[in-house]
Every structure is written in C-alpha cells, then in structure tokens.
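Novice: Using the UniProt record's numbering, the first residue of the sequence shown is number 1, and each one after it goes up by one. Built from N, CA and C at the ideal position, the CB exists for glycine as well.
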Amino acid sequence: MSFSVNPKSCFWKLTKRLNLALIAFICLGIAVSANSQAPGGGLTASPAESPAAQSPSQSLSGSPLSGSVVVLKPTGDVLNLSIKDAIQMGLKYNLGVLLSTEGNEAARGAKIRALAELLPNLSARVGGAVQQVSLAQFGFPATLTGGKLVIGPFAYFDARTYLTQSVFNYTALQNNHAADENLKAANLDYRNTRDLVVLVSGASYLQAVAATSRVDAAQAEFTTAKATYDRAVNLHTAGVIPAIDVLRAQVQMQSQQQRLLAAKNDFERSKLSLARVIGLPTAQQFALSDKIPYAPLPPVSFDDELKRAYDNRSDYKAAQARVKAAEDQRKAAVGERIPTVAINGDYGVIGPHFTQANGTFTAAGGINIPIFQGGRARGDITQADALLKQRNSELENLRGQIEYDLRTAFLDVQTAAEQIDVAGSTVKLAHDQLEQSQDRFSAGVADNLEVIQAQQAVAVANENYISSLYAHNFAKLSLVRAVGVAETAVMNFLGGK
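#1: Given this structure, state the Cα-to-Cα distance separating G193 from S100, to the nearest angstrom.
#2: Leaving out five residues before and five after Q419 in sequence, what residues of the same chain have Cβ atoms less than 6 Å from its Cβ?
#3: Report all residues from its chain with a CB closer than 6 Å to the CB of L115; omit the five preceding and five following residues, and keep chain order.
#4: According to DSSP, simplified to helix, strand and coil, what is G152?
#5: Rounded to a whole number of angstroms, what is the C-alpha to C-alpha distance between K317 and H431?
#6: What is the DSSP secondary structure of I26, counted as helix, strand or coil?
#7: What do you reckon, are the CB atoms on A482 and L429 nearer than 8 Å?
#8: Would you kindly work out how many angstroms separate the C-alpha atoms of A218 and S393, rounded to a whole number?
#9: Would the beta-carbon of A186 fall within 8 Å of that of N104?
#10: Taking only three categories from DSSP, how would you classify G424?
#11: Do I278 and S442 have their CB atoms nearer than 8 Å?
#12: For the structure I just gave you, are there three or more beta carbon pairs, one from the region 251-259 and one from the region 218-234, closer than 8 Å?
#13: Is the separation between the beta-carbon of V233 and that of G444 shorter than 8 Å?
#14: L479: buried (16+ other C-beta within 10 angstroms of its C-beta) or exposed?
#15: For I83, tell me which candidate among R269, S201, G335 and V422 has the shortest Cα-Cα distance.
#16: Report all residues from its chain with a CB closer than 8 Å to the CB of V413; omit the five preceding and five following residues, and keep chain order.
#17: Residues in the same chain with beta-carbon distance under 6 Å from I26, minus the five sequence neighbours each way, listed in chain order, please.
#18: Output the distance between the C-alpha atoms of S273 and Y162, rounded to the nearest integer angstrom.
#19: Just list the beta strand (DSSP E) runs in the region 121-194, keeping only unbroken ones of 3 residues or longer that don't cross its boundaries, in chain order.
#20: Quick one: any contact between the region 167-182 and the region 327-339, if contact means 3 or more CB pairs under 8 Å?
#21: From this set, L206, Y470 and G375, which residue's C-alpha is nearest A416's C-alpha?
#22: State the start and end residues of the unbroken beta strand (DSSP E) segment that holds D346.
#23: Using the DSSP secondary-structure output, state which residues sit across from T360 in a beta bridge.
#24: Could you pull the DSSP bridge partners for G365 from this structure?
#25: If you follow the alpha helix (DSSP H) that L261 is in, where does it begin and where does it stop?
#26: What span of residues does the beta strand (DSSP E) with N80 cover, start to end?
#27: Quick check on L434: buried or exposed, where buried means 16 or more other Cβ atoms within 10 Å of its Cβ?
#28: Is the CB-CB distance between A486 and L199 below 8 Å?
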C-alpha cells in the first residue's frame, strides 16, 4: 500500500494562505497606523480559524472591514451581483466606512472646539436678590451709623450680557492650525478606508468567483470519474478486466464526489463572507454575474506608478498632514511662554426693580504674562517634540512601505501571468493525457490506473489554473490599491460590468 500527498490540496491551501495573509497584512498595517495617529478607533485584524475554508472577511475577523450594517431586506428573487455592484455596496454599507465617517465627525468637533478659543464668548444673565447687610463686618462703628449696624432687607434686579474676547493667544492660534491638519488627515483616512473596502470587497468577490470555478471543475471531474467507473463495471461484467480495476475506479469516483461536496460548501461560505463584507442580507440568494476572465495588465512603468502612488495614496497624505499638525502642536507648546492679550466687558441694567433699573457697563483689557508655571511649558514642549519625531518616523516608514507594496504587486502580477500561461498549457496536456489513457483502458492494453492518474493530473491542472487566475486578478487589485487609485481604477484593471 502506498500513500501520496494530494498536490491539488496543498497548492490551493498555500495560495489561499499567501493571498489572505496579504489582505490581512495590508489592513493590519493601516489599522496600526490609524490607531497610533488618530482617535476614534482603528482597523484591526486577527488570524483566521481554518486556512482550508478562509475568505478575505474571515481573515479580518474582528476588523470593521469584515463587517457591515445591513439595511436591506432579503427578497425571494435571486439577485444578479456584479463585482461593480459588490464594491458599490461595500462602499455604502461596510462597517469600516461607516466608522471612518464618524471618526471624521469627531475630528470636525475637535476643530470647532479649537476655533472656539479664538472667537468671542458672549453670555447673558438675568437675576435678582434680596439682601441684608451688616455694617459691622466692614468695620463701621455704631457711633457712625447712629447705632444701626444692619441695613435691609432690600432687593435688586440685574440683567446683563458678558463678553470675553482673546486678542492675542499664540497657543490657541497654533492649536487651531493643528486641528485643521488633523481634520484634513481624518478626511484622508476616510478616503483611504474606502480604498481598503474596495480591496476587501473585490477580493471577496474574486474569492467567490474562484470558488464557483472550483465547483464547476469538481463537477466535471466527478462526471469523468463516474463515467470511468461505469465503463469499468461493464468491462468487468464482460470478463475483460479484474475486479481490482472496478474497486480502484469506485474509490476515485467517491473521492471526486467528496471534493465536489467540499467545493460546493466552500462556494456557499464564500458567498456568505461576501455578503457580510458588502452589507447584503445573508438570507438573500444571489448569483455572481461576472466571471472575471484573464486579462493581461496594460503596460505600466514602475517609476511612473511609484510617483503616482506618492501623489495619490491617501494614507501617505494623511501622514504628511499629521506631521504638520505635530509641528503646530509644538509651536503651541512653545507659545505657552508668550504673553496673551484679552478683553472683557459687560453691559446691563440694575436697580431695585426691573422698572426702576439703570444701565451700567464695564470694559476691561489686560495682558497675562507667564512668569513661573511649574515647568508645564517645558513638559508640553518635550511631549510635542516626541510626538513630532514619531510622526516623522511614521511618514518615512509609510514612504518605504508604499514602494514595497508597489514592487510586490508588480512581481505578483508578472509571476501570476506567467503561471496562467503554464497552467493553461498544462490543462490542455492533462486532458490529452486523460483521453489517451481512457482509449488505452477501453482497448484493454492497460488497466485503469493510468486513467485514475490522468484524472488526478487534470484535477491538479484545473486547480493550478484557477488559483493562478485568482492570484493574477488579486495582484492587479493590490496594484491599484498600492497606487492609491483603487476606487476609481479597479474596474479598468479587473473588467466586469
């Protein structure tokens, strides 16, 4: 008895792990950057449970990118879903986009608060009181007051508006500039999240398309195995071949049947994962209308695309904005040692009754000169310096990461295209081998071991072609993400309706 490793299974699992690990790595890197750079939560990734049945959303389990807010209701009809429809739904309902929108609003609120420190503050107060005063507490002797030391009770009414205005506050001014840059960074983070949603939604759709192809291939392989088994039964009944050939054919047929069942299950799970990513009800039945066939990458230059990436990548622009914000925050910390100028005043009416009130006002201005603050300014400057160094380091790291992303995407596209050429030729050769082995078996010049080996070769060749096609499409998707134009250019690179 001999044992062999199924190359089809090994190749598919390895390809899945590599591709899904790439998705998780990209999104995890963005998550770490978002968490370290801005409040409001980030995108995190956690390892998947079962590599054999993973999908892009499962590899991001726990990340907002793997979830969505379902607002649609399932219908009894089968929905035809194109890759364009899937991406548009993801951009509308994916949890990552929705949370990024709220992060935008939080940054907008911080900007409003910073600006409020520079704008006038106006308030009003209306009140009245009844009072009794002891003159003795002010040091008046009874001889001066005719023996009367208590005045009152008496009442008064006061209605007044108060105004305070900062004339010069360097710290508040720089904090406002920093808030402007942080708001700009939050807007860019939102655009970057949309690019990530395009990546995850598109990859989930490609995964489901690949699962469909595996079901079709497994069905064809099972049909061939069953036909071989039926032929073996007929030949054995006629006394042409021994019983071992029938048993061997039956084992192969049942093995193919098992693979077919597993492929159908993976396909349904891929559809469920896609639905979760794009906000489609999991009870909604849908069919994939785009097959995404092989299409070579249009000629592009690495140097040109790298320049485009630095110009277009929203996460890179956001990192630049955060460097500027950190510079402004350092200026604000230094400004704590600079005097501030402010004015304040009030105007209102006061009297024993609102019908007997007279107008009064106060106008004042002053300069506040910091002399000793217990080292607070020094501590704030030290903290701001550390933050600025951190932001610069993050920017330089991201610059290198962008070049790395682009180089790996180019390599993956080129390698996958070459693999498709080889896999396509191998599929044709494997089918020719199967046809010849079947002819030899039917002619009685060979047993069905050659047929079974040829069937296995066809299965491996089909799997290699499907995996290479998925890898090529995913590499093109990763390329437009690396350049920073995923949302606008993905359909040109992948095709679809």
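Specialist: With the given structure in hand:
#1: For clarity, residue 193 is Thr in the given sequence; the question names Gly instead. Their backbone Cα atoms lie some 7 Å apart in a straight line.
#2: S468
#3: N176
#4: strand
#5: 52 Å
#6: Model confidence at I26 stands at a pLDDT of 44, short of 50, so the residue's coordinates are unreliable and nothing is read from them.
#7: no
#8: 50 Å
#9: yes
#10: helix
#11: no
#12: yes
#13: no
#14: buried
#15: S201
#16: L297, H472, A475, K476 and L479
#17: Its pLDDT being 44, under 50, I26 is placed unreliably in this model, and the coordinates cannot settle the point.
#18: 59 Å
#19: 121-134 and 150-168
#20: yes
#21: Y470
#22: T340 to G351
#23: G348
#24: I343
#25: A243 to I278
#26: L79 to L81
#27: buried
#28: yes
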